[in-house]
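Here is the structure we will look at.
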Amino acid sequence: MKAKVFLTAILLLTMVTAYSQNLNGAWKLVSQNGKPFTDECIKIYSDTYFMFAIHKADGSFVKAGGGNYTTTGKQYTETLDFYTTDSTQVRKPVTYSFSLKKDELTIEAKMHGGVLKETWKKTDDASSSLSGAWRFGARVNDDGAAGERRGGVSPRQTIKILSGNHFQWAAFNYETKQFMGSGGGTYKLENGKYTENIRFFSRDNSRAGMLLTFECRLDGTDWYHKGKGTTGNPVSEVWEKVK
Numbered sequence: 014m015k016a017k018v019f020l021t022a023i024l025l026l027t028m029v030t031a032y033s034q035n036l037n038g039a040w041k042l043v044s045q046n047g048k049p050f051t052d053e054c055i056k057i058y059s060d061t062y063f064m065f066a067i068h069k070a071d072g073s074f075v076k077a078g079g080g081n082y083t084t085t086g087k088q089y090t091e092t093l094d095f096y097t098t099d100s101t102q103v104r105k106p107v108t109y110s111f112s113l114k115k116d117e118l119t120i121e122a123k124m125h126g127g128v129l130k131e132t133w134k135k136t137d138d139a140s141s142s143l144s145g146a147w148r149f150g151a152r153v154n155d156d157g158a159a160g161e162r163r164g165g166v167s168p169r170q171t172i173k174i175l176s177g178n179h180f181q182w183a184a185f186n187y188e189t190k191q192f193m194g195s196g197g198g199t200y201k202l203e204n205g206k207y208t209e210n211i212r213f214f215s216r217d218n219s220r221a222g223m224l225l226t227f228e229c230r231l232d233g234t235d236w237y238h239k240g241k242g243t244t245g246n247p248v249s250e251v252w253e254k255v256k
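14 is the number of the first residue of the sequence shown in this note's numbering; add one for each residue after it.
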């Protein structure tokens, strides 16, 4: 009997893990409540974290959100760390029913006195060595030494999440529910060079379309990159993998 219970528990754990792994990657919102979604909306998942952003074709920022998620059976729960449209929703879990069929994800929940139903199509997987969620660790000086890391203790976080070729970062404080900024787009990793194609930047829409190239190095769960940011100023940072 104990063996059967143990095997059942292992099977359930395997199913939950499989669902989360199938979500890993980038997804494009194609319809909302049966109507085609015309703005650009990409949602990126790691094992336990997600981010999304909506912007116009010209890069004009509309909104963004992100946080932790879990899947249990046919239920999917999001707990936001930030949400630009309504900060009162931060840290309030929202549970959806969900269906995952190959590269199509459908989620549905009662919301705001009605029903929200969304259909997403997978656009890329999580095949890159950079795939996952990363937390900003510290700035690195000219000698290659990193400053003191904030770690996961502070509610003030800067998180960057990447799929196979999409990325998004966001700066926020989940205790005060303050949003400081977000940017994202697509990227390439080739021959030790990491290049971002900025598709949106919440602080300045004119940054959309910029290409930023960094020297890139992975050291265990640390990601070092060095180059120039959107302002043209030198950037040298270390990020630590968290999800």
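We put the beta carbon where it would ideally sit given N, CA and C, even for glycine.
Because the structure is a prediction, the values reported are computed rather than measured.
| Among Gln45, Glu131, Ala158, Lys105, nearest to Ser112 - alpha-carbon criterion | Within the sequence shown, residue 112 is the residue found at index 99, counting from 1. The candidate whose alpha carbon is nearest that of Ser112 is Glu131.
| task | Rounded to whole angstroms, what's the CA-CA distance from Arg216 to Gln181? Just pull it up for me. | result | Position 203 of the sequence shown, counted from the first residue, corresponds to residue 216. Position 168 of the sequence shown, counted from the first residue, corresponds to residue 181. Taking the straight line joining both Cα atoms gives about 14 Å.
| Skipping 5 residues on each side, what residues in its chain have a beta carbon closer than 6 Å to that of Leu129? | Walking along the sequence shown from the start, residue 129 turns up at place 116. Result list for Leu129: Ala122, in chain order.
| query | When DSSP labels each residue in this structure, what does Asn246 get in the three-state scheme? | reply | Within the sequence shown, residue 246 is the residue found at index 233, counting from 1. Note: Asn246 maps to coil in three-state DSSP.
| message | Cutting at 6 Å between CB atoms, please list the residues of its own chain near Thr136, excluding the five before and the five after it. | response | Residue numbering aside, residue 136 sits at position 123 when the sequence shown is read from its first letter. Counting only Cβ-Cβ distances below 6 Å, and skipping sequence neighbours, we find Ala39, Lys41.
| task | Counting only the same chain and skipping the five closest in sequence on each side, list residues whose C-beta sits under 7 Å from that of Val255. | result | Numbered from 1 along the sequence shown, position 242 holds the residue referred to as residue 255. Excluding residues within five positions, the ones whose Cβ falls inside 7 Å are Ala146, Trp147, Arg148, Gly165.
| field | For Asn178, three-class secondary structure by DSSP | value | The residue labelled residue 178 in the question sits at position 165 within the sequence shown. Three-state result, Asn178: coil.
| DSSP on Leu25, reduced to helix/strand/coil? | Here residue 25 is taken as the residue at index 12 of the sequence shown, counted from 1. In this predicted model, Leu25 has a pLDDT of only 42, less than 50, meaning its place in the structure is not dependable enough to derive any value.
| field | Chain-order list of residues whose beta-carbon lies under 6 Å from that of Glu188 (same chain, five-residue window excluded) | value | Reading the sequence shown from its first residue, position 175 is the one you call residue 188. Here the set comprises Pro168.
| request: Taking Met223 as the reference, give the member of Thr243, Phe185, Cys229 with the closest Cα. | output: Translated into positions along the sequence shown, residue 223 becomes position 210. Residue Thr243 is the option with its Cα nearest to Met223.
| message | I'd like the ranges of any beta strand (DSSP E) spanning at least 3 consecutive residues and lying wholly in the segment 37–122. | response | Listed in chain order, the complete beta strand (DSSP E) runs (minimum 3 residues) inside the segment 37–122 are 38–45, 53–58, 62–68, 74–85, 88–96, 107–114.
| task | Express the C-alpha separation of Gly160 and Ile67 in angstroms, rounding to a whole number. | result | Counting from one through the sequence shown, the residue named residue 67 turns up at place 54. Counting from one through the sequence shown, the residue named residue 160 turns up at place 147. In a straight line, the C-alpha of Ile67 is about 34 Å away from that of Gly160.
| Close Cβ partners of Ser110 (< 8 Å) along its chain, the five nearest in sequence each way excluded | For this step, residue 110 is matched to residue 97 along the sequence shown. Cβ neighbours of Ser110 beyond the five flanking positions: Lys87, Gln88, Tyr89, Ile120, Glu121, Ala122.
| Are Tyr62 and Asn81 close, meaning C-beta to C-beta below 8 Å? | Within the sequence shown, residue 62 is the residue found at index 49, counting from 1. Within the sequence shown, residue 81 is the residue found at index 68, counting from 1. Yes.
| Based on the DSSP output, what are the partners of Gly197 in its beta bridges? | Along the sequence shown, read from residue 1 onward, the residue named residue 197 stands at position 184. Answer is Gln181, Phe213, bridged to Gly197.
| field | Spatial neighbours of Asn246 in its chain, beta-carbon cut-off 8 Å, leaving aside the 5 residues before and after | value | Within the sequence shown, the letter at position 233 stands for residue 246. Closer than 8 Å at Cβ, skipping near neighbours: no residue.
| said: Once DSSP output is grouped into helix, strand and coil, what is the label at Arg162? | reply: For the purposes of this step, residue 162 is taken as residue 149 along the sequence shown, with counting starting at 1. Coil at Arg162, not helix or strand.
| request: Please state whether DSSP places Asp186 in a helix, a strand or coil. | output: For this step, residue 186 is matched to residue 173 along the sequence shown. Note that residue 186 is Asn in the sequence shown here, rather than Asp. Correct three-state label for Asn186: strand.
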